[in-house]
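All residue numbers for the sequence shown refer to the working numbering, where the first residue is 99 and numbers rise by one. Worksheet for the structure shown next.
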Amino acid sequence: MLAPTLAWRFLRDGRAQTLLILAGATVGVAAFVFVSAIIVGLQENLVDKTLGSQAHLTVLPEEPPPRPLYEAAAPTLYARRIEEPAPRRRPFDQWQRALRTLEATPGVVAACPKVTGSALAIRGGAQEGVTVVGADAARLRRIVDLPRYLVEGRYRLGSGEALIGDDLADELGVRLGDPLRLTTEGRDADVRIAGIFDVGQQALDGRWVVLSLRGAQTLLDRVGDVTAIDATVEGIFEADAVAEQVAARTGLEVESWIDRNQQLLTALKSQDQSTLMIRVFVMLAVAMGIASVLVVSVVQRRGQIGILRAIGTKQRTVLAIFLWQGAFIGVVGAVLGTAIGAAFTQLLERVTFFPITVGPRLALMAMLISLGTGLASAILPARRAARMDPAAAIRGDG
């Protein structure tokens, strides 16, 4: 216990220096925690908003081969016109089997067959082009949590009922319980507004009209058919791996949210790199501050160090004294810095639109990094103190 006792005494005797370096370590850790919490909160908010309105996986029907508009018999023909099949009329053969296979795939949490298509929404003299989405209500809520975003009404998709976005409701001038006519090529449907949602994305709030699966199939002339099967997975960043499994099992095309949001992922990676650089430079500044103060401490106490060495104190004990000082500064700076950083994040959270929290993982990481920084910063001063010649140190020549 000699080393920690002397380390504490040295820190206590040099109060001004100790308080100065503690302040530096505390500010550094607070900045580390604050910046990390903001970036993590922002990233989680972006991912949550992105995945809050779309599936993790989408299984699509098999793409039929393109066919030529006409054939030519001339043997010297080098090119011909090709007609791509209309994707909205593409049948999804044996989608029930694909659904069962999808639900049996490890990592898949929920699956929802759906029918989508374009229609015209009419209310009095107002008309708007809309996207009709038909699905089973219980299945759909496990893909897109519409009940969470409801601002009026109830989440239900009975016969003749519809859910629409608040922007679309404003454009059409409809409110809860109002009738609405939907028309497609040769087919009409009259529905009543059962609920209005606000997801926060114009593509949904200004376009979506959600019906029951059977109602949408009838309106879009897709009775017994679906256009795709959506799914959610356990680990969102494992979506690509699960998509490959599903594609291998079904032989169908499978898209993941990662495929559809490459720009978002690129932005998240850039943020991670920027955050890492900030963390590194902050902790380097803290390390240099601790090291400089401990070097000064070694110079100021060279006489005491010489006496300790003269009475038989081992080099490793002297080394441990200064390592303990670095550890003390690192731990205390981590505790105070984490508390201050967490307090600032709580203040900032009141004026932001996304949650910012300092979780146990971030707090533990800050503690370990601060402790490691304190110990690493103390290595050179500690080695210098341990290698002092006792006689020279006592004379003041060390």
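Just so you know, even glycine gets a beta-carbon here, dropped at the ideal spot from N, CA and C.
Checklist entry - Measuring CB to CB, does D328 end up less than 9 Å from L155? => result yes
Next on the checklist: On the DSSP bridge list, what partners appear for S354?
Outcome noted: L155
Item to check | Identity of the residues DSSP links to D286 by a beta bridge | outcome: T281
Next on the checklist: Given this structure, state the Cα-to-Cα distance separating R347 from R448, to the nearest angstrom.
Outcome noted: 48 Å
Checklist entry - From D146 to V384, what does the alpha carbon distance come to, in whole angstroms? => result 34 Å
Checklist entry - DSSP state of K412, grouped into three classes? => result coil
Checklist entry - Are three or more beta carbon pairs between the segment 292 to 311 and the segment 222 to 234 nearer than 8 Å? => result Look at the beta carbons and you see the segment 292 to 311 touching the segment 222 to 234: at least three pairs across the two are nearer than 8 Å.
Item to check | Coil, strand or helix - Q192 by DSSP | outcome: coil
Item to check | Nearest to A135 (by Cα), restricted to the options V157, I388, G428, I376 | outcome: I376
Item to check | Cβ pair G470, L120 closer than 9 Å | outcome: No; because the gap between Cβ atoms is not below 9 Å, this pair is not in contact.
Next on the checklist: Output needed for F190: all residues of its chain with C-beta closer than 7 Å, excluding positions within five of it in sequence on either side, in chain order.
Outcome noted: P159, D323, V324, T325
Checklist entry - When DSSP labels each residue in this structure, what does L274 get in the three-state scheme? => result coil
Checklist entry - Can you give the beta carbon distance from L244 to L270, rounded, assuming they're within the 8 Å contact cut? => result About 19 Å separates the two Cβ atoms, so there is no contact after all.
Checklist entry - chain D beta carbons: is any one of them nearer than 9 Å to that of A365? => result The chain labelled as chain D is not found in the depicted structure, where only one protein chain is given.
Item to check | Selection from S368, A208, A440, D276 that minimises the alpha carbon distance to V340 | outcome: A208
Next on the checklist: Rounded to the nearest angstrom, what separates G284 and D319 at their Cα positions?
Outcome noted: 9 Å
Item to check | Continuous beta strand (DSSP E) stretch holding R221: start and end | outcome: 206 to 221
Item to check | Nearest neighbour of E332, chosen from R240, W422, E351 [CA to CA] | outcome: R240
Item to check | Reduced DSSP secondary structure (H/G/I, E/B, other) of E332 | outcome: coil
Checklist entry - In the structure shown, what three-state DSSP assignment does E160 receive? => result coil
Next on the checklist: Considering Cα atoms alone, identify which of S354, G275, E259 is closest to V307.
Outcome noted: E259
Checklist entry - In chain order, what residues of the same chain have a beta carbon less than 7 Å from the beta carbon of R459, not counting five sequence neighbours either side? => result none
Checklist entry - Beta-carbon separation of A217 and V380 under 9 Å? => result Against a cut-off of 9 Å, the Cβ pair of V380 and A217 comes out as no contact.
Checklist entry - Short check: CB of T424 to CB of A480, under 9 Å? => result The sequence shown places Gly at residue 424, rather than the Thr named in the question. In contact: G424 and A480 (Cβ atoms closer than 9 Å).
Item to check | Bounding residues of the alpha helix (DSSP H) (the contiguous stretch that carries G227) | outcome: Note, G227: premise wrong, no alpha helix (DSSP H); beta strand (DSSP E) at 224 to 233.
Item to check | Of the listed residues Q343, L238, V133, nearest to Q444 (C-alpha basis) | outcome: V133
Checklist entry - If T436 and A461 are in contact, beta carbons under 8 Å, what's the gap, nearest whole angstrom? => result Yes, they are in contact, since the Cβ atoms of T436 and A461 sit about 5 Å apart, within 8 Å.
Checklist entry - In terms of DSSP beta bridges, what is L261 paired with? => result For L261, which the question treats as bridged, DSSP gives the partners G293, V308.
Next on the checklist: Just to confirm the assignment, what range does the beta strand (DSSP E) spanning V324 have?
Outcome noted: From DSSP, V324 is part of no beta strand (DSSP E); its letter is neither H nor E.
Next on the checklist: With a threshold of 7 Å on Cβ separation, who are the neighbours of T199 within its own chain once the five nearest residues in sequence on each side are excluded?
Outcome noted: R347, T348
Checklist entry - Are I220 and R305 closer than 9 Å when you measure CB to CB? => result No, the Cβ-Cβ distance between I220 and R305 is not below 9 Å.
Item to check | Own chain partners of L118 with C-beta closer than 6 Å, once the 5 adjacent residues on each side are dropped | outcome: none
Next on the checklist: Tell me the rounded alpha-carbon separation between L434 and I388.
Outcome noted: Taking the Cα positions, L434 is about 16 Å away from I388.
Item to check | DSSP bridge partner residues for P250 (one or two, in chain order) | outcome: Note on identity: in this sequence residue 250 is Glu, with Pro being the wrong assignment. For E250, which the question treats as bridged, DSSP gives the partners I294.
Checklist entry - Quick one: Cα of L238 to Cα of F295, how far? => result 14 Å
Checklist entry - Are T103 and I438 closer than 9 Å when you measure CB to CB? => result Going by C-beta atoms, T103 is not nearer than 9 Å to I438.
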